[in-house]
Amino acid sequence: MKTIKVKVFRKQDEIHRYDTYTVTCKKGQTILDLLFHIKENLDETLSFRAFCRSGICGSCALKVNGHPVLACRTQVKTILDKGPSNKLIIEPLDGFKIIKDLIVDIEGKQEVLKRFELWLEEKKPPKNKEFKVLREEAKKYGKETDCILCLTCCSVCETLKENTPFAGPFAFVRTYRFIVDSREKDEKKKERLETSINASIWSCVQCQKCVAFCPKEIAPAQDIQKIRKETIKAGYTETPGARKLSHYLNWVYATGQINRLYLPLDVYDNEKAVREFINFCKEHGVKIWEIPHLPDGFLALRDLIVRALIKDGDIENIDFKKIRKIDEKIEKLLKGDSKCE
Amino acid sequence: MRIGFYRGCCFQGLDFVLLDVIKRVFSVFGVELPEVRKTICCGGNVIDEESRFLSTIINARNIAAAEKENLDLLISCNTCFMVINRAKKLLDNNDETKEKVNKILKEENLLYKGERKIWHLLPFIVEKIGFEKLSKKTKVKLPYRFAPYYGCHLKYPEKIVKDGSIERIIELCGGTQIHYQEEDTCCGYHSIYTDKATSLKKIKRIVDSIKEAEAEFIVTPCPLCFKGFDMLQKEAKVKTAIPVLFLPELIALSLGFSHKDSGITYHKIPVKL
Chain A
1 MKTIKVKVFR KQDEIHRYDT YTVTCKKGQT ILDLLFHIKE NLDETLSFRA FCRSGICGSC
61 ALKVNGHPVL ACRTQVKTIL DKGPSNKLII EPLDGFKIIK DLIVDIEGKQ EVLKRFELWL
121 EEKKPPKNKE FKVLREEAKK YGKETDCILC LTCCSVCETL KENTPFAGPF AFVRTYRFIV
181 DSREKDEKKK ERLETSINAS IWSCVQCQKC VAFCPKEIAP AQDIQKIRKE TIKAGYTETP
241 GARKLSHYLN WVYATGQINR LYLPLDVYDN EKAVREFINF CKEHGVKIWE IPHLPDGFLA
301 LRDLIVRALI KDGDIENIDF KKIRKIDEKI EKLLKGDSKC E
Chain B
1 MRIGFYRGCC FQGLDFVLLD VIKRVFSVFG VELPEVRKTI CCGGNVIDEE SRFLSTIINA
61 RNIAAAEKEN LDLLISCNTC FMVINRAKKL LDNNDETKEK VNKILKEENL LYKGERKIWH
121 LLPFIVEKIG FEKLSKKTKV KLPYRFAPYY GCHLKYPEKI VKDGSIERII ELCGGTQIHY
181 QEEDTCCGYH SIYTDKATSL KKIKRIVDSI KEAEAEFIVT PCPLCFKGFD MLQKEAKVKT
241 AIPVLFLPEL IALSLGFSHK DSGITYHKIP VKL
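Structure below.
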């Protein structure tokens with residue numbers, strides 16, 4: 001039993017303020033219990049969303065001491081043990097319009113759900129049979145089916161802050177879940193990839209905040225990477241992101257390194273950037289290189305990459321014509337005809 | 001003290017200078033940095049888009065190369081650290097993957113054991129060199145206002161650095177730490193080649209906030225964040241460009257190295273002290 005002061009964000013009409021309540025914490029008490037205690041005993045005007053109290057409905061996501069959590073799954077003691085004792089600040093999620101107090105407007109995200117048609121569109125099952133989802137397949141999207149649409153991922157998303165067409169991590173978690181479901185119609189999968197491209201899937205900055213804060217321990221940033229791969233497989237090979245991945249695969253295969261001199265050219269056809277880079281290096285008396293620093297054993301590395309891609313990946317994504325050209329440069333370098341770091 | 005150095009892709013061309021600065025600074029504290037020559041690009045969290053297994057095996061090989069030389073591995077880039085650390089965790093907790101990986105590594109006479117530690121530069125400075133040693137060696141006070149910028153991959157998905165580490169180093173170098181609204185915002189480096197417009201907005205958001213807090217320099221321990229801030233501010237149309245220091249450069253200056261040896265003469269945004 002400990003008496004603490006809780007600061008709670010309040011908003012009514014257009015006026016914002018923080019109210020402070022003095023409460024006595026009980027063992028096992030959650031942030032949601034605390035909010036109910038305040039509402040029932042101290043201030044009935046306090047508004048917040050909550051329903052299942054079991055971490056299933058996703059409606060009670062909010063911020064405690066600056067970090068997003070599910071109120072029903074977070075014990076007051078855990079928070080107090082982490083930070084300066086007796087300090088508890090409860091605020092609505094970032095990145096949304098606030099309707100009242102701790103309640104944010106999620107209508108825009110409901111629209112995303114509709115636009116993405118995030119439900120299974122089934123093929124016809126095999127004649128006189130039911131669909132069978134084998135354990136191996138279920139493992140691929142088991143975590144993703146845990147998504148409770150709490151929108152924590154959107155509240156911390158660095159891309160959403162700048163880029164409104166970006167749909168938000170949750171939309172891609174759910175998209176991935178259906179793309180890898182063997183019951184879904186093939187044409188629907190294609191449609192989902194097109195929707196993902198249109199919803200700026202390549203704009204994700206991969207900051208990993210959604211991975212850090214997802215209360216269900218899903219890794220949305222990784223699902224985004226998996227969908228990106230699927231878009232390339234489906235033929236969207238000319239997006240900057242697809243060309244960047246191709247650069248990484250080819251150059252790491254050939255030399256063990258990416259090549260920052262040619263990256264702007266390979267991704268954006270930007271010859272000017274290459275020239276500027278060269279000039280900048282010259283100005284500062286730094287050697288220009290065509291092949292970056294070759295690590296020891298770079299040829300054996302190629303075998304390893306091939307073996308790995310045979311197990312998981314697509315060996316066809318290595319552009320062997322391009323590798324021949326890089327090899328010519330390496331040959332020159334090894335003969336001493338070219339500059340290298 | 002000896003620790004294997006992981007070079008990664010960060011020190012190509014002009015940024016070769018940054019590598020020299022790290023070596024110079026560490027030698028002052030008696031830390032030798034032999035380069036583990038077999039290590040390659042970690043895949044930058046991009047190879048993962050093709051295959052998580054490929055990314056894991058590349059980084060198992062990077063760690064195994066250091067293990068073969070009985071060395072821990074020092075990584076200076078936030079993203080390299082995140083990616084290599086992710087592979088290490090996966091391998092240390094999944095015997096099946098470890099076995100699959102080691103079967104392939106065996107062809108190069110390598111073995112991933114998982115016995116050596118991997119370090120990011122900042123926690124290494126804090127924990128292995130220590131503030132006391134750092135304080136004793138500083139010769140030049142730098143009485144400027146510095147905005148610390150940690151970079152996402154030191155904090156997310158896993159926090160591997162203690163709060164206040166850069167701030168403490170700034171103070172030891174004679175500077176003042178400045179806090180600003182957008183200090184936890186991502187610099188957007190990883191979208192430069194997937195969606196540049198978003199990257200530029202991120203740079204602008206952070207730099208404008210730093211300007212508002214009236215800092216004179218940005219300090220970051222991540223060479224990618226460093227490059228983003230140094231190269232893109234003009235294109236991002238920030239109100240006023242703010243010079244950025246790679247953390248070892250700040251330490252080099254306070255250790256009394258010349259501007260050239262501290263690396264600051266190679267910046268796009270001039271560092272005027």
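Chains as they are written, first to last, in our numbering: chain A, 1 to 341; chain B, 1 to 273.
Note that beta-carbon positions come from the ideal geometry of N, C-alpha and C, so glycine has one too.
If one requires a minimum length of 3 residues, the beta strand (DSSP E) runs lying completely within the region 62-129 of chain B are 73-75, 118-120, in chain order. Rounded to whole angstroms, the Cβ separation of GLY263 of chain B and VAL17 of chain B is 5 Å, and the two are in contact under 8 Å. Here DSSP, grouped into helix, strand and coil, assigns THR138 of chain B to coil. Contact residues of the region 152-180 of chain A toward chain B are VAL156, GLU158, THR159, LYS161, GLU162, ASN163, PHE166 (C-beta to C-beta distance below 9 Å).
Assignment of LYS260 of chain B by DSSP, reduced to helix, strand and coil, places it in the coil class. Using a Cβ-Cβ distance cut-off of 8 Å, the region 105-123 of chain B and the region 188-199 of chain B are not in contact, since fewer than three pairs of beta carbons, one from each stretch, lie closer than that value.
Legend: CB atoms of the region 187-217 of chain B lying less than 7 Å from CB atoms of chain A belong to residues GLY188, HIS190, SER191, TYR193, THR194, ASP195, THR198, LYS201, LYS202. Those residues of the region 16-43 of chain A placed with their C-beta closer than 8 Å to a C-beta in chain B do not exist. Nearest in C-alpha terms to GLU107 of chain B, of all of A:ILE315, A:ILE330, A:ILE305, is A:ILE305. If you draw a straight line from the Cα of LYS100 of chain A to the Cα of ALA64 of chain B, it is about 55 Å long.
Taken residue by residue, none of the region 238-254 of chain B has a beta-carbon sitting less than 8 Å from a beta-carbon on chain A. Non-local beta-carbon contacts of PRO220 of chain A in its own chain, meaning distances under 8 Å to residues more than five positions away in sequence, involve CYS153, PRO169, PHE170, PHE172, VAL173, CYS210, VAL211, CYS214 in chain order. Apart from the 5 residues on each side of it in sequence, ILE57 of chain B sits with its Cβ closer than 7 Å to the Cβ of VAL101, ILE104 in its chain, given in chain order.
Residue state for LEU62 of chain A is assigned as strand, using DSSP reduced to three classes.
In this structure GLY58 of chain A is not in contact with LEU120 of chain A, their Cβ atoms being roughly 20 Å apart against a cut-off of 8 Å. Burial check for MET231 of chain B: the Cβ neighbour count within 10 Å reaches 16 or more, so the residue is buried.
For ASN45 of chain B, the nearest beta carbon of chain A is closer than 8 Å to its own beta carbon.
The region 1-9 of chain B makes contact with the region 62-78 of chain B: 3 or more CB pairs, one atom from each, lie closer than 8 Å.
In chain order, ALA221 place their CB closer than 6 Å to the CB of GLN206 of chain A, counting only its own chain and leaving out the 5 sequence neighbours on each side. For PRO248 of chain B, the enclosing alpha helix (DSSP H) starts and ends at 247-254. ALA300, LEU301, ASP303, LEU304, ILE305, ARG307, ALA308, LEU309, LYS311, ASP312, GLY313, ASP314: these are the residues of the region 299-316 of chain A whose beta carbon lies less than 8 Å from some beta carbon of chain B, given in chain order. Across the region 151-163 of chain B, CB contacts with chain A closer than 7 Å involve CYS152, HIS153, TYR156, PRO157, in sequence order along the chain. Per DSSP, the unbroken alpha helix (DSSP H) holding TYR141 of chain A starts and ends at 135-141.
Ranked by how close their Cα comes to the Cα of ARG145 of chain B, the residues B:GLN233, B:GLY175, B:VAL238 have B:GLY175 in first place. For ILE15 of chain A, the enclosing beta strand (DSSP E) begins and ends at 15-25. Per DSSP, the beta bridge partners of HIS67 of chain A are A:VAL64. Taking a cut-off of 8 Å on C-beta distances, the region 315-334 of chain A does not touch the region 212-232 of chain B, as fewer than three cross pairs fall below it. Short of 8 Å from the beta carbon of PRO143 of chain B, and not among the five residues preceding or following it, lie these beta carbons of its own chain, in chain order: GLY174, GLY175, THR176. The alpha helix (DSSP H) runs of length 4 or more contained entirely in the region 146-208 of chain B are, from start to end of the chain, 165-172. Nearest in C-alpha terms to LYS161 of chain A, of all of B:PRO270, B:THR185, B:CYS80, is B:THR185.
Annotated as proximal: PHE53 of chain B and ASP312 of chain A, with beta-carbon spacing under 8 Å.
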